[in-house]
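S.K.: Let me begin by handing over the structure; questions about it come next.
Following this line, the structure appears as structure tokens:
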């Protein structure tokens, strides 16, 4: 697709490394990007400030922050400060899993897409260097796309939603190399699950470890600010 | 399923006639019911107070109100006071359609179900006397069930989510007869799209018209309070 088509896309932007790279790819593909971030009482809310910086950096047409208050802690280390963020590798699906998070995020993104007339939704999920979250897998994305195409007025009227997951098969090193070529300033991004209020990373959580190893393997200097 | 199994269910409870009947059916089927309502800046917020009364009436184990702020009006007469609620029957999908609403509601209900360990989700959608909303159709519910069964940690670990839509094939009259037999006090319910702050109905919107016709066809006195 060339830039002159100016098709609109909704890009999920967490403020982390993966979603910033995804936004860069969507821009490169010529989409008119509308970014959406979610305030869900996450522990690492400094990622929202990061998302704002990244959105501005890439000149998105709109950056919307949606608030979700599910009226409870949600049984995850990312939303419940009574559950500690693990600082060593874990077996299986970790306690940082947030029940149905990507289902909720994509549902809201779908509504946003319908309102602005976008048929393309980008999400930076990844099935290689990831934490084993079920809602990052290709089968989840395929099922969501199928749902999206029966869920909306736009779908009934013939529009087809396409889910874009450009990072799905990339390892962290390749994601970082790809983003670097596209001009992503990774110093703006916050990956840490327990970043402090200034966006400084812990360096020991799952997300920090994947990120560090990625920069190392890519042979690119890690610009992350550690606490 | 008998009451002694005490399987937990999440029941979407809007405060309207259909969801109140659905809750009565879920209780009758022996589920330990957890009700969830959504505050999404809807015009007819008095339905939330109604939902609270109904939840109490049926003695649910928990009634959670989740807040969603999508950061915009959402392009619907139900969330944007600049768009009038139609007071005569409309062709096609009406302006009261809220983009991806049931996708968002069910996504949040799925997260709630996972947190409390419920595999059953009840929603009072109906494909007979309805307004043509795409996310009330059987194909939408089937697609959501398929999504739910790849989306969560519980699913990966072998749980199966079942969607229950007991009203799907009922007309409004049969819904009202069914609920009346199960003890639903319909005076508590608010169906109107533009009910006033006291929960009094307009009597002319789509939702009021379906409701009135339903009571009339059922031969049951309509307890609705009209403004």
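Chains as they are written, first to last, in this note's numbering: chain A, 8 to 234; chain B, 8 to 234. Glycine included, C-beta positions come from ideal geometry on N, C-alpha and C.
(1) Assuming residue 40 of chain A and residue 30 of chain A are in contact, meaning their beta carbons sit under 8 Å apart, how far apart are those beta carbons, in whole angstroms?
(2) Quick check on DSSP: helix, strand or coil for residue 45 of chain B?
(3) Using the Cα positions of residue 89 of chain A and residue 228 of chain B, report the straight-line distance between them to the nearest angstrom.
(4) Beta-carbon of residue 39 of chain B versus every beta-carbon of chain A: anything under 9 Å?
(5) What in chain B is Cβ-close to residue 200 of chain A, meaning under 7 Å?
(6) What three-state label does DSSP hand residue 200 of chain B in the structure shown?
(7) In the DSSP assignment, find the unbroken alpha helix (DSSP H) run with residue 69 of chain A in it and report its ends.
(8) Just to confirm the assignment, what range does the beta strand (DSSP E) spanning residue 128 of chain B have?
(9) Just checking my contact of residue 213 of chain A with residue 234 of chain A at CB under 8 Å: how many whole Å lie between their CB atoms?
(10) Once DSSP output is grouped into helix, strand and coil, what is the label at residue 175 of chain A?
(11) Check this for me: beta carbons of residue 75 of chain A and residue 173 of chain A, under 9 Å apart or not?
(12) Looking at residue 38 of chain A: is its Cβ nearer than 9 Å to the Cβ of residue 15 of chain A?
(13) Is any beta-carbon of chain B found at less than 9 Å from that of residue 77 of chain A?
(14) What are the partner residues of residue 20 of chain B, as DSSP defines its beta bridges?
(15) Could you tell me whether the Cβ atoms of residue 58 of chain A and residue 83 of chain A are closer together than 9 Å?
(16) Does any CB atom of chain B fall closer than 9 Å to the CB of residue 59 of chain A?
(17) Tell me whether residue 194 of chain A is buried or exposed, calling it buried when 16 or more other Cβ atoms sit within 10 Å of its Cβ.
(18) Quick one: Cα of residue 198 of chain A to Cα of residue 42 of chain A, how far?
(19) Looking at chain B, is there any beta carbon in it that lies within less than 9 Å of the beta carbon of residue 193 of chain A?
(20) Pair every Cβ in the segment 154-167 of chain B with every Cβ in the segment 175-195 of chain A, then say whether three or more of these pairs are closer than 8 Å.
(21) According to the neighbour-count rule (16 or more other Cβ atoms, all chains shown, within 10 Å of its Cβ), is residue 169 of chain B buried or exposed?
(22) Quick check: the segment 99-106 of chain B against the segment 104-112 of chain A, are there 3 or more CB pairs under 8 Å?
(23) When you compare each of A/221, A/95 and A/127 to residue 36 of chain A by their alpha carbons, which one comes out closest?
(24) Starting from residue 146 of chain A, find everything on chain B with Cβ-Cβ shorter than 8 Å and list it in chain order.
(25) Can you give me, in chain order, the residues of the segment 152-183 of chain A that have a beta carbon less than 9 Å from any beta carbon in chain B?
(26) Here's the rule: buried if 16 or more other CB atoms are within 10 angstroms of the residue's CB, otherwise exposed. What is residue 95 of chain A?
(27) With 9 Å as the threshold, decide whether the Cβ of residue 9 of chain A is near any Cβ in chain B.
(28) Out of curiosity, what's the CA-to-CA distance linking residue 125 of chain B and residue 140 of chain A?
(29) Please list the residues of the segment 87-116 of chain A that have a C-beta atom closer than 8 Å to any C-beta atom in chain B, keeping them in chain order.
(30) Mind checking residue 167 of chain B: buried by the 16 CB within 10 Å criterion, or exposed?
(31) Using a Cβ cut-off of 7 Å, pull out every chain B residue sitting near residue 127 of chain A, in sequence order please.
(32) Apart from the five residues just before and just after residue 156 of chain B, which ones in its own chain have a Cβ nearer than 7 Å to its Cβ?
(33) Leaving out the 5 sequence neighbours to the left and right, which residues in its chain are closer than 6 Å to residue 71 of chain A when beta-carbon positions are compared?
(34) Would you kindly check if the distance between the Cβ of residue 73 of chain B and the Cβ of residue 119 of chain B is under 9 Å?
(35) Please report the straight-line C-alpha distance between residue 159 of chain A and residue 146 of chain B, rounded to a whole angstrom.
M.R.: In short:
(1) 6 Å
(2) strand
(3) 52 Å
(4) no
(5) Simply none; closest approach about 17 Å.
(6) coil
(7) Residue 69 of chain A -> not in any alpha helix (DSSP H); beta strand (DSSP E) instead, spanning 69-76.
(8) 127-129
(9) Contact doesn't hold; Cβ gap of about 16 Å is too wide.
(10) coil
(11) no
(12) yes
(13) yes
(14) In the DSSP output, where bridge partners are listed per residue, residue 20 of chain B has none listed.
(15) no
(16) no
(17) exposed
(18) 18 Å
(19) no
(20) no
(21) exposed
(22) no
(23) A/127
(24) 157
(25) 153, 154, 155, 156, 157, 158, 159, 160, 161, 162, 163 and 164
(26) exposed
(27) Legend: pLDDT at residue 9 of chain A = 44, less than 50; position of this residue unreliable, no value from coordinates given.
(28) 20 Å
(29) 100, 104, 105, 106, 107, 108, 109, 110, 111, 113, 114 and 115
(30) exposed
(31) Within 7 Å Cβ-Cβ: nothing; residue 127 of chain A doesn't reach chain B, min ~15 Å.
(32) 162, 167 and 168
(33) 43
(34) yes
(35) 12 Å
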